[in-house]
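A.B. asks: Got a structure for you, written out below as structure tokens; questions coming shortly.
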Amino acid sequence: MENSILNVQHLNAYFGEAKILSDINIQIPKNQIVSFMGPSGCGKTTFLRCINRLHELTPGARTEGSIYLQEEDIYKLSLILLRRKIGMVFQRPNPFPTMSIFENVIAGYTLNGIKLSKPQKEEIVEDSLRKADLWKEVKDTLHKKGTFLSGGQQQRLCIARSLSMKPDVILFDEPTSSLDPISSNKIEELLLELKTDYTIIIVTHNLQQAARTSDYTAFFYLGELVEFNTTQVLFSNPLNKRTEDYISGRFG
Amino acid sequence: MDKLIRSRFYKDRLFKGGIMLFTVLSTVPLLLILFYIVKQGISSINWDFFINLPKPVGEKGGGIINGLIGTSIIVLVASVIAIPFGAVIGLYLSEYSRDKLSYWVGLCVDVLQGIPSIVLGIIIYLWVVKPTGHFSALSGSIALAIMMLPPIIKSTEETLKLIPGTIKEASLALGVPYYKTILRIILPMGLSGILSGSILSISRVAGETAPLLFTAFGNPFINTNILKPMSSLPLLIFNYAGSAYEDWHKLAWGASFVLIMMILLLNIVTKILERKWKIQF
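In the order they appear, the protein sequences are chains A and B.
When you read off a place in the first sequence, starting at 1, and then add 1133, the result is the number in our numbering.
When you read off a place in the second sequence, starting at 1, and then add 79, the result is the number in our numbering.
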């Protein structure tokens, strides 16, 4: 595939003896929204966590195969550099509770010991919050704790925190599953705005969400990548029987 | 039907009344003890009591300055030893709770909690006092520090375990190294637990006599050198309450009152700090 940003080849992932992912091959196109869908336990979240190597944190977890981020082997990159290039937003909003909104957005720099002048910091914070569509709501309360915001606002704060590092790819792990419909909608709209600058990978078990927001969809089942195509083709004309069964609600 | 409802209502009242009755009954002895100490002790309390040394038998007045200074120094040194160790062990237990070592450390902490304080005193006598050849405040502090460890470890571990794993992952996903994630994200979140555990353990050991009998030993004079024998409030109470003289008994009651008030104050401070530093997540 031309213009791909991530290239995954023969990836296997394990928790101890259990094989979670088997022989995943996929190329993620640049500046598109790609959704990973499938029933629970199909390995979609594990795959997402392999991409920024968070998977390896779990005791007993390991991987085989290779993932390239723009020709670079992610297993040869330093973890710090890799995770600056590939940001992540989690299932539940997780702002740092000891920090203010401002400190949360700039946390990727301060915690990594990157020195910035005050104007630089202010610029990054404003820019990131604007991109995450949160600036208007919090510009007067930047020095209040981030945990005082509503759930949806907290999630957008977490998105701003990832954006501040200027990543190439952002991984979203079911980012709306703990939010109400209105907040979810806002996040989905935000994803569409963000794709001009970033490549977005979103894990979802919500078929409608995948159909609404993404350009490409990958269907995972029992640790295998069953089908990967443009969202339009995958939903209207699936090649695989299992994909068709899942989309039409026959299981999952 | 009506009768059934009424009988349920009365049973409910009876049950509630019973719980309250037993609560009050079991609190009464505690209040009596407090009342008795206050009654016996408060008459000796005045400014001179806090700034004078105990007087010899037959002389009126006298204070507990040596015990006050001694307790402060011994407990302070014990805290300086125990808090860093306790916090680090608690951190280890919460971070690596699946490790085998973690299991054994946890078990040791539980056993340590059950060791009688007098036994600790004797052990420190054998390990520190005998080799150095003399009693010292430092050896007393070491004995108290060992007693302080279990509550500090437990409360650090419990607080840190409550922190959701995704907050740690959020930091790691930003490329922050593990050690910085612990130092800058996890430990600050656990601060309230570490501190309240520490203050509670201080209030627990401030009243300990047994571990100090063979270590700090006691001293009728003011001493600020931690390598020499030093007095402490509980030691002073122990020595003077066991004497045959009325004046000395009075001094011991006064010292008990001061000690109890100190511990009460520490407990109140802990409660306030816990509430103030509680972190929402």
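Note that the Cβ used here is the ideal one computed from N, Cα and C, for glycine as well.
Report buried or exposed for Ser1250/A, applying the criterion of at least 16 other Cβ atoms within 10 angstroms of its Cβ.
C.D. replies: It is exposed - the Cβ of Ser1250/A has fewer than 16 other Cβ atoms within 10 Å.
A.B. asks: For Asn1136/A, which residues does DSSP report across the bridge?
C.D. replies: Beta-bridge pairing links Asn1136/A to no other residue.
A.B. asks: For Leu1290/A, would you say it is in contact with chain B, using Cβ-to-Cβ distances shorter than 7 Å as the test?
C.D. replies: Not closer than 7 Å to any Cβ of chain B, the Cβ of Leu1290/A fails to qualify, so no.
A.B. asks: Please list, in chain order, the chain A residues whose beta carbon lies closer than 8 Å to that of Ser250/B.
C.D. replies: Residues of chain A passing the Cβ test: Phe1229, Ala1240, Leu1244.
A.B. asks: Compile a chain-ordered list of the residues in the segment 211 to 243 of chain B whose CB is closer than 8 Å to at least one CB of chain A.
C.D. replies: Under the 8 Å Cβ criterion, the segment 211 to 243 of chain B contributes Pro243.
A.B. asks: Taking the Cβ atom as the reference point for each residue, do Asn1140/A and Gln1160/A lie within a distance shorter than 7 Å?
C.D. replies: Yes, they are a contact pair.
A.B. asks: Please identify the residue among Ile1138/A, Thr1363/A, Leu1340/A whose C-alpha is closest to the C-alpha of Asp1348/A.
C.D. replies: Of the listed residues, the one whose Cα sits closest to Asp1348/A is Thr1363/A.
A.B. asks: Are there 16 or more other CB atoms within 10 angstroms of the CB of Ala331/B, so buried, or fewer, so exposed?
C.D. replies: Burial call: buried.
A.B. asks: Thr1329/A to Ala161/B, Cα distance in whole Å?
C.D. replies: Using only the alpha carbons, I get a separation of about 55 Å.
A.B. asks: Would Asp326/B be called buried (16 or more neighbouring beta carbons within 10 Å of its own) or exposed?
C.D. replies: Per the 10 Å Cβ criterion, buried.
A.B. asks: Can Met1232/A and Thr1337/A be called in contact, C-beta distance under 7 Å?
C.D. replies: Taking 7 Å as the Cβ cut-off, Met1232/A and Thr1337/A do not qualify as a contacting pair.
A.B. asks: Please confirm whether Ala193/B has its beta-carbon closer than 7 Å to some beta-carbon of chain A.
C.D. replies: The sequence given here places Gly at residue 193/B; Ala does not occur at that position. No, Gly193/B does not count as interfacial toward chain A.
A.B. asks: Taking Cβ positions only, does Lys259/B come closer than 7 Å to chain A?
C.D. replies: It does: the Cβ of Lys259/B has a partner Cβ on chain A nearer than 7 Å.
A.B. asks: Mind listing which residues of the segment 1200 to 1223 of chain A have their C-beta closer than 8 Å to chain B's C-betas, in chain order?
C.D. replies: For the segment 1200 to 1223 of chain A, which is checked against every Cβ of chain B, the residues closer than 8 Å are Leu1212, Ile1213, Leu1214, Leu1215, Arg1216, Arg1217, Gly1220, Met1221, Phe1223.
A.B. asks: With three or more beta-carbon pairs closer than 8 Å as the criterion, would you say the segment 225 to 239 of chain B touches the segment 207 to 216 of chain B?
C.D. replies: Because the criterion of three Cβ pairs below 8 Å is not met, the segment 225 to 239 of chain B and the segment 207 to 216 of chain B do not touch.
A.B. asks: Apart from the five residues on each side of it in sequence, which residues of its chain come closer than 8 Å, Cβ to Cβ, to Leu291/B?
C.D. replies: Cβ neighbours of Leu291/B beyond the five flanking positions: Ile153, Gly200, Gly219, Ala222, Leu223, Gly297, Ser311, Pro313, Leu314.
A.B. asks: If I follow the unbroken beta strand (DSSP E) through Tyr1349/A, where does it start and stop?
C.D. replies: Taken as a continuous stretch (DSSP letters only), the beta strand (DSSP E) holding Tyr1349/A covers 1349 to 1354.
A.B. asks: Under 7 Å between the Cβ atoms of Arg1320/A and Thr1332/A?
C.D. replies: Residue identity check: residue 1320/A is Ile in the sequence provided, not Arg. Contact: no.
A.B. asks: Residues of chain A with a CB under 7 Å from the CB of Ile264/B: which are they?
C.D. replies: Near Ile264/B (Cβ distances below 7 Å), the residues of chain A are Phe1229.
A.B. asks: For the alpha helix (DSSP H) that Asn1362/A lies in, which residues bound it at each end?
C.D. replies: It is not in any alpha helix (DSSP H) - Asn1362/A instead sits in the beta strand (DSSP E) that spans 1357 to 1363.
A.B. asks: Of all the alpha helix (DSSP H) runs that stay within the bounds of the segment 265 to 335 of chain B, which reach a length of 4 or more residues?
C.D. replies: The segment 265 to 335 of chain B contains these whole alpha helix (DSSP H) runs: 266 to 284, 289 to 292, 312 to 320.
A.B. asks: In this structure, how does DSSP classify Leu1143/A when only helix, strand and coil are distinguished?
C.D. replies: Reading off the sequence shown, one finds His at residue 1143/A, where the question assumed Leu. His1143/A falls in the strand class under three-state DSSP.
A.B. asks: Out of Leu352/B, Ala295/B, Pro256/B, point me to the one whose CA is closest to Ser277/B's CA.
C.D. replies: Looking at the Cα atoms, Leu352/B is the closest of the given residues.
A.B. asks: Should Asn1136/A be labelled buried (16 or more other beta-carbon atoms within 10 Å of its own) or exposed?
C.D. replies: With fewer than 16 Cβ atoms within 10 Å of its Cβ, Asn1136/A is classed as exposed.
A.B. asks: Can you tell me whether Glu248/B is helix, strand or coil according to DSSP?
C.D. replies: Glu248/B: helix per DSSP, three-state reduction.
A.B. asks: Which residues, in chain order, does the segment 1256 to 1267 of chain A contribute to contact with chain B at a C-beta distance below 7 Å?
C.D. replies: Residues: none.
A.B. asks: If we call anything under 7 Å between Cβ atoms a contact, is Arg1445/A one with Asn1185/A?
C.D. replies: Since the first and last residues shown for chain A are 1134 and 1385, residue 1445/A lies out of range.
A.B. asks: Going by other Cβ atoms of all chains shown within 10 Å of its Cβ, with 16 needed for buried, is Asn1158/A buried or exposed?
C.D. replies: Asn1158/A should be labelled exposed.
A.B. asks: In the DSSP assignment, find the unbroken alpha helix (DSSP H) run with Glu1088/A in it and report its ends.
C.D. replies: Examination of residue 1088/A is not possible in this model, given that chain A is present from 1134 through 1385 alone.
A.B. asks: Under the assumption that Ser1295/A contacts Val1222/A (Cβ atoms under 8 Å), give the Cβ distance between them as a whole number of angstroms.
C.D. replies: Confirmed, about 6 Å.
A.B. asks: Do Ile116/B and Phe317/B have their beta-carbon atoms positioned less than 7 Å apart in this structure?
C.D. replies: Going by C-beta atoms, Phe317/B is not nearer than 7 Å to Ile116/B.
A.B. asks: If Leu1214/A and Val1238/A are in contact, beta carbons under 8 Å, what's the gap, nearest whole angstrom?
C.D. replies: With 8 Å as the limit, Leu1214/A and Val1238/A do not qualify as a contact, their Cβ atoms being about 20 Å apart.
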